[in-house]
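**Q**
Residue numbers (mature numbering (1 follows the signal peptide of the UniProt record, and there is no 0)): -22 to -1, 1 to 483.
#1: Out of 476, 101 and 172, which has the shortest C-alpha to C-alpha gap to residue 155?
#2: Quick one, which of 246, 347 and 69 has its alpha-carbon nearest residue 299's?
#3: Give the DSSP-derived three-state secondary structure of residue 89 in the structure shown.
#4: Where does residue 221 fall in DSSP's three states?
#5: Please tell me whether residue 114 and residue 107 are closer than 8 Å, where the distance is taken between their beta carbons.
#6: Quick check on this structure: which residue in 111, 116, 138 and 112 has the alpha carbon closest to the alpha carbon of residue 124?
#7: Closest to residue 460 by C-alpha separation, out of 454, 413 and 475, would be which residue?
#8: I'd like to confirm the pairing. Which residues does DSSP put opposite residue 96 in its beta bridges?
#9: Counting along the chain, where does the alpha helix (DSSP H) carrying residue 257 start and finish?
#10: On the premise that residue 225 lies in contact with residue 190, defined as a C-beta separation below 8 Å, what is that separation, rounded to the nearest angstrom?
#11: Going by Cα to Cα distance, which pick from 240, 368, 422 and 163 is closest to residue 456?
#12: Closest to residue 279 by C-alpha separation, out of 142, 67, 249 and 41, would be which residue?
#13: Determine the DSSP secondary structure at residue 28, reduced to helix, strand or coil.
#14: Just the Cα atoms here: how many angstroms apart are residue 335 and residue 406?
#15: Assuming residue 466 is part of the beta strand (DSSP E), what are its boundary residues?
#16: Quick check: residue 121 and residue 72, are their CB atoms within less than 8 Å of each other?
#17: Can you check which of these residues, 371, 434 and 471, is closest to residue 420 by C-alpha distance?
#18: Are the CB atoms of residue 344 and residue 58 nearer to each other than 8 Å?
#19: Mind reading off the beta-carbon distance from residue 359 to residue 324? Whole number of angstroms is fine, and I expect it under 8 Å.
#20: Sorted by chain position, which residues of the same chain lie with C-beta nearer than 7 Å to residue 206's C-beta, five sequence neighbours on each side aside?
#21: What are the boundary residues of the beta strand (DSSP E) that includes residue 271?
#22: Tell me which residue opens and which closes the beta strand (DSSP E) that residue 350 is part of.
#23: Are the beta-carbon atoms belonging to residue 392 and residue 469 less than 8 Å from one another?
#24: Identify whether residue 120 lies in helix, strand or coil by the three-state DSSP scheme.
#25: Whole-angstrom Cβ separation of residue 176 and residue 198, contact assumed at under 8 Å?
#26: Using a Cβ-Cβ cut-off of 7 Å (strictly less than) and excluding sequence neighbours within five positions of residue 111, which residues of its own chain qualify?
#27: Name the residue from 447, 442, 170 and 467 whose alpha carbon lies nearest to the alpha carbon of residue 425.
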């Protein structure tokens, strides 16, 4: 790294950690009269991967084959997020084999035992999900029969797919009445398989699932194609797959590269916030153009791919990206947002190498899950009389989770190194006073250091109280005045229990 670039990064860090010197005025107008989009109660979700310790220290004991499912802290942290989807995916999923018939094991189990799923381990994974309330979505191998050697799946992409081992796993699961919420097929194969070949495998898998689970109420979903964003490939795939094949369209979304020297600045940049919409928009339009009625999921996402970046993707600064993307995509109707990963890599929500200690984004995701319901309202900015619209402040609104009394929650991201004087502009259509009630609860997430691996909630650093007890995550009740003071370089939530929002009643 050159001295100039290093100096620039140091200046950014010093500026970000310096005391705020001014106040920015931002006015928002929560449209509380109607629901604008719906999400789901499983929206805040996450993944396990197949990566082994050969990928680096952050992947030690993080593969789905050797994660300690019995760890009480892991179970407590997972249970708090229920009913999240737990997606099992990653590149090595297309090298995986399933040891269903021990009398005739797949040849890949001997060649690549680190990617061989035994049925006892399959049952352990399913039991872990049942105990914690997670909804298991398992990625199947779309490269079987396509010359998998070493770490390079699908070396012969034009070869026919051999789904025999996949059928064996599906059949074993159905015959033993094991609960699986869904299956997907393949991982990021948009640059390897043609849309037609991928669709053929999905059509066959759909037929097997329908055959093995004739009762639609217990039938696992089929989701995919789990591609890196490429709208033209997706449109051709959905057309070839036809209606009724998929229950959810899934894609991956990473805003940065794990070894990028500029990643730190990217996570608080307004241009990054806009980039998310520019990637997601064409995917959503491709889905709509094919008249697909499937749900839309982000099947894998983090602040950076290539296992992320320590001190960035697992630190407080990651929350500026994470909370913004959660709010942005839910408000456009996405039904699941699967974080890479619950454990494993430098982007994990939980650090399995340090006794499953939650990283800051775990608490951000948990608060989002607890506070933001599945019905969303628009919260646009309005231009104050003496200020401009502010791209460095973002806000998203939803009916407060678990309530039906008109309560609303606003999630916000303030990437200004200045406090924000937040004005609320309410225009009701029901004849009630134009306000959100007399009190609100603030959940301000802050840190004295952007690269800290801990986060403060209303000034109190969050730590597990013991092996199974999470910290108190209560808000701080305050009166609703003419404006609300938002801390500099913070993100969080504002809950208005007495808003009497027509959209949420």
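Every residue, glycine too, gets a C-beta built ideally from N, C-alpha and C.
**A** According to the data block:
#1: Residue 155 has its Cα closest to that of 101, out of 476, 101 and 172.
#2: 246
#3: helix
#4: Assigned with DSSP and collapsed to three states, residue 221 falls in coil, not helix or strand.
#5: yes
#6: 138
#7: Among 454, 413 and 475, the Cα nearest to that of residue 460 belongs to 413.
#8: 77
#9: 248 to 267
#10: In fact, because the Cβ distance is near 15 Å, the residues do not count as touching under 8 Å.
#11: 422
#12: 67
#13: coil
#14: Taking the straight line joining both Cα atoms gives about 44 Å.
#15: No beta strand (DSSP E) holds residue 466; DSSP gives it neither H nor E.
#16: yes
#17: 471
#18: yes
#19: Not a contact, Cβ separation roughly 34 Å.
#20: 166, 168 and 230
#21: Where residue 271 is concerned, there is no enclosing beta strand (DSSP E), given that its DSSP letter is neither H nor E.
#22: 350 to 355
#23: yes
#24: coil
#25: Residue 198 and residue 176 do not touch by the CB rule: their CB atoms are close to 19 Å apart, not below 8 Å.
#26: Excluding five sequence positions before and after residue 111, the CB atoms of its chain that fall closer than 7 Å to its own CB belong to 57, 60 and 61, given in chain order.
#27: 467
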